[in-house]
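Okay, so the sequence shown: first residue is 33 according to the working numbering, each after it adds one. Built from N, CA and C at the ideal position, the CB exists for glycine as well. Remarks on the structure that follows.
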Amino acid sequence: MASHQIAIAKATFAASLLRPDPIPVPRDDIAQFHTLLGAVSTQCSPTNIQRCKRWVLSNVIQSTTRITALAKFLAALSASFSDADRSTLVSAKRETSAKRKRLHILYLISDLIYHTKIRDRDTSVADNFLPLLANFFSSAASFKNSPKHLRKIEKLLDIWAEKHYYSTNDISKIRQAVETAQRSNSTTNEPADADSRAISNVTAKSAKDVPFTMPAMHGDQNLPWYDLPAGNLMQHIIPNSTRPIDPTLVKPMRFVPGQVDEELFASVKTFLEQVETIYDPVACNDENETPTWDVDEVGRRIYRDDLGDVIAGDEGYYGWSTALWH
């Protein structure tokens with residue numbers, strides 16, 4: 033979507049907020065909304081969703097004009113998300129992908145509709161978003177080779193149908209929009225002929241079948257001790273001792289060369305998946321559309337109630353585990 037269309041939608045939404053309908057919203061508060069919305073699109077944590085939703089509940093739902101302007105702005109914003117600027121491998125790993133950003137916008141809309149229509153029995157948000165929902169969902173589903181992503185979209189629609197967010201007919205129309213987007217992608221993504229498909233299948237299989245091998249050592253022996261992987265400190269830790277570790281003894285651990293056994297491979301894979309949830313809870317959270325937990329400043333996974341208060345927590349990633357300290 034062209035940048036001027038987003039600018040127009042954003043300006044229209046801002047204008048609706050500045051009008052006394054019922055009271056004008058200060059410009060600083062409008063800027064705060066865009067900050068909150070940016071946080072939601074980047075990381076769809078319960079905290080980010082709740083903060084953005086509360087802002088909308090306080091400043092938007094009192095006016096039908098504002099709700100409509102918000103819906104159009106979110107539609108323009110969602111359609112504008114693109115991976116074109118994720119050109120380098122480093123930036124691609126650090127930045128949230130376009131498909132996840134579009135999915136995060138859907139989660140925000142879903143939470144808004146649940147709070148207003150299901151919880152408060154106010155249909156204004158649901159009614160004003162309905163004409164644009166097919167666009168939201170088809171845009172989120174318009175990505176190739178993303179079965180896990182598509183399952184999240186389908187499960188979200190299942191929840192909507194189960195909770196009666198909309199009528200059966202409305203849900204069916206949205207599902208049809210999702211199916212149409214997927215069919216168009218699958219058609220354009222198929223190899224030109226049978227030989228091309230066979231070659232691609234063999235290539236993919238070969239890449240998966242390559243065994244993992246142990247490195248010669250854990251880190252670069254030319255690096256100072258403080259730049260080595262933290263695991264190299266483990267062999268120097270003496271239980272129940274306050275004696276400091278001699279930095280000159282911290283060297284990269286050497287490994288027995290050969291193929292990695294399955295148990296080690298499974299442990300490392302599980303560990304990396306847990307680490308990834310810190311940066312994108314939605315992507316790795318056992319297929320739940322809106323994760324029930326968040327991550328605090330030191331990497332601990334925490335659980336919150338409806339008011340956003342912490343009610344429980346567990347182990348973290350940035351540092352020693354609780355069990356090790358005890």
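Bounding residues of the alpha helix (DSSP H) (the contiguous stretch that carries residue i)
i	result
T100	96–112
T274	Note, T274: premise wrong, no alpha helix (DSSP H); not H, not E.
T74	59–74
K85	78–91
C-alpha gap between residue i and residue j, whole angstroms
i	j	result
R83	L296	41 Å
D278	E305	33 Å
L189	I203	7 Å
A39	D328	34 Å
Y258	F65	41 Å
I334	C76	15 Å
N167	A107	7 Å
F287	Q253	13 Å
E294	M285	21 Å
I93	S171	25 Å
R275	I269	9 Å
W192	L135	15 Å
S273	P247	31 Å
Q392	L281	Lying before the first or after the last residue shown, residue 392 is absent from the chain, which here runs from 33 to 358.
W87	Y139	16 Å
L69	Q208	28 Å
L162	P54	23 Å
V300	K205	43 Å
V72	L265	38 Å
A101	L164	12 Å
K195	G263	48 Å
F303	S114	30 Å
Q214	P261	43 Å
L49	K187	34 Å
D143	P52	26 Å
S90	A158	17 Å
T96	P58	19 Å
R183	A41	30 Å
Residue i, DSSP secondary structure in three states
i	result
I270	coil
Y335	strand
Q291	strand
R51	coil
L245	Leu is not the amino acid found at residue 245; the sequence shown has Thr there. Here T245 sits in strand by DSSP.
T44	helix
Y198	coil
A315	Annotation note: pLDDT 49 at A315 (below 50); position unreliable, no value reported.
D115	coil
N254	coil
L281	helix
T10	Only positions 33 to 358 of the chain appear in the structure, and residue 10 is not among them; the question remains open.
L135	helix
D259	helix
E127	coil
D143	helix
A226	Its pLDDT being 49, under 50, A226 is placed unreliably by the model, and the measurement read from it follows with that caveat. A226 falls in the helix class under three-state DSSP.
DSSP beta-bridge partners of residue i
i	result
R286	M249
Identify every run of the alpha helix (DSSP H) within the segment 145–191, keeping only runs that are complete inside it and at least 4 residues long; order them along the chain.
-> 156–172
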